Amino acid sequence: MAASIKISPISRSSFDHHHSPIPTHPRFSTVRCSASHLSPQALTTLSAETLDPAPVLRSVKTFAPATVANLGPGFDFLGCAVDGPGDSITLSVDPDVAPGTLSISSISGAPKLSRNPLWNCAGIAAIATMRMLGVRSVGLSLSLEKGLPLGSGLGSSAASAAAAAVAVNALFGSTLTPNDLVLAGLESEKKVSGYHADNVGPAILGGFVLIRSYDPFEILQLDFPADRDLVFVLVSPEFEAPTKKMREALPAEVGMKDHIRNSSQAAALVAAVLQGNARVLGSALSSDGIVEPRRAPLIPGMAAVKMAAMEAGAFGCTISGAGPTVVAVIDEEEKGREIGDQMVEAFLVAGGLKAKATVAKLDRVGARVISSSNE
Ligand code: HSE
């Protein structure tokens, strides 16, 4: 018997979509809305027509990509989506599921994950999205296919949440904005790894995303020019680096010198993204003086792996997310494979860890519908 959870409707009418004070630029789009939208008080502001939408599809399948976040000095505020493996959700209207509830019918690729929607990233994000929409009259059944390993530093939880939020939205006519969906995904991230949107933002929006502010919630999409090459080398060792433990290793405060250094590198990174300069992007990503020095010693061989990447010609290298995956940046796939081989070798020699290298490009699309049915 699949676990299910009753949905209490919460209106997105309480969202606060402002115009950003930041001037619009072709490579610089911005969206802003309130982070307090999930307050139960919002129930009192519901208007009947915003509630309980009818599904426009019987079933939908979605996919959300892996993400790299942090990007070095962009701790908790800069991330990007990468192509390749990701998580998929199939969501269906199910007459056997009580109206207004969500059931997780199956999970593949991660036997340890809970099928209780309240304890599952996809479930939590789906419920948050159903609440925003005010779904009451139909029950939904969700099936999760994990393509990303858990706790790898590749935004596995965010990918599940992103795919789920997009699936619920699509089933009911895609009336929520991508920003709304990021907030729904953030409800899941908050429960499983902390209140940071640097994974779920790009998992939903694709490309590079800057979290400018959490209160009010404001994210900026940063367009890396389509005619420039950017390649990520992702090397994942067989090692666990729980996000909680990796966050506990961080300093509670930083000194002025470190603040200036990391701020300037993060600013350079944003400029490099907008200019399509992979070399500067890599070197800025490589220059985190606050987070990486605390986390690197917790990943066996990390220092040697970074050195191997740089000696093999990478523009830069750092820990992907909370680790243990290590990410290097280059502008050419063949070169990326060579760099990956050197990093894998270094993990084995210096860290005693087997590792796997993947060469990936930027995913510019983010979470998307891959098929749907009205049968
Ligand atoms: N920004 C997060 C961290 C990403 O580095 O802790 C991992 O979930």
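Per the UniProt record's numbering: the sequence shown = residues 1 to 375.
The beta carbon of each residue, even a glycine, is placed where N, CA and C say it ideally should be.
Quick caveat, the model's predicted, so the values are computed rather than measured.
Of the listed residues the options, nearest to residue i (C-alpha basis)
| i | options | result |
| --- | --- | --- |
| residue 137 | 167, 172, 108, 122 | 172 |
| residue 252 | 279, 294, 146 | 294 |
| residue 141 | 147, 130, 365 | 130 |
| residue 189 | 246, 374, 92, 157 | 157 |
| residue 278 | 167, 160, 316 | 316 |
| residue 199 | 159, 348, 111 | 159 |
| residue 121 | 134, 304, 100, 145 | 145 |
| residue 161 | 192, 210, 289, 288 | 192 |
| residue 268 | 257, 258, 280, 353 | 280 |
| residue 220 | 273, 257, 194, 264 | 273 |
Residues of its chain near residue i, where Cβ-Cβ distance is below 7 Å and the 5 sequence neighbours each way are ignored
| i | result |
| --- | --- |
| residue 2 | Low per-residue confidence applies at residue 2: pLDDT is 46, beneath 50, and the placement is therefore not dependable, though the value from the model is reported in the following sentence. Correct list, in chain order: 103, 104, 105, 115. |
| residue 312 | 338, 339, 342 |
| residue 85 | 66, 147, 148 |
| residue 286 | 72, 316, 317, 318 |
| residue 8 | At residue 8, the pLDDT of 43 sits below 50, so the modelled position is not reliable; the number obtained from the coordinates is stated separately. Within the same chain, residue 8 has close Cβ partners 131. |
| residue 110 | 146, 150 |
Three-state class that DSSP yields for residue i in the structure shown
| i | result |
| --- | --- |
| residue 146 | coil |
| residue 112 | coil |
| residue 364 | coil |
| residue 245 | helix |
| residue 65 | strand |
| residue 234 | strand |
| residue 252 | coil |
| residue 369 | strand |
| residue 354 | coil |
| residue 424 | This structure cannot speak to residue 424, because the chain is shown only from 1 to 375. |
| residue 42 | Because the pLDDT at residue 42 is just 30, under 50, the model does not fix this residue reliably, and the value given afterwards should be weighed accordingly. The answer is helix: DSSP assigns residue 42 an H, G or I state. |
| residue 51 | coil |
| residue 349 | helix |
Cβ-Cβ separation, residue j to residue i (assumed contact under 8 Å), whole Å
| i | j | result |
| --- | --- | --- |
| residue 296 | residue 260 | Contact doesn't hold; Cβ gap of about 21 Å is too wide. |
| residue 300 | residue 239 | 7 Å |
| residue 97 | residue 139 | 3 Å |
| residue 333 | residue 231 | 6 Å |
| residue 186 | residue 132 | 12 Å between Cβ atoms; not a contact. |
| residue 204 | residue 366 | 5 Å |
| residue 237 | residue 69 | 19 Å between Cβ atoms; not a contact. |
Own chain, CB closer than 8 Å to residue i, minus 5 neighbours either side, in chain order
| i | result |
| --- | --- |
| residue 298 | 241, 245, 246, 249, 323 |
| residue 58 | 92, 93, 373, 374, 375 |
Close-in-space but distant-in-sequence residues of the same chain around residue i (CB under 6 Å, 5 per side omitted)
| i | result |
| --- | --- |
| residue 370 | 61, 63 |
| residue 167 | 60, 62, 89, 91 |
Worksheet item: What are the uninterrupted segments assigned as alpha helix (DSSP H) that are 4 or more residues long and contained completely in the UniProt domain "GHMP kinase N-terminal" (127-207), given in chain order?
Response: 156-171, 178-192, 200-205
Item to complete: Would you list, in sequence order, the uninterrupted alpha helix (DSSP H) runs of no fewer than 4 residues that lie entirely inside the UniProt domain "GHMP kinase C-terminal" (270-346)?
Response: 278-285, 292-295, 302-311
Discussion item. Ignoring anything shorter than 3 residues, give me the beta strand (DSSP E) runs that lie fully in the segment 67-104, in order along the chain.
Written reply: 78-93
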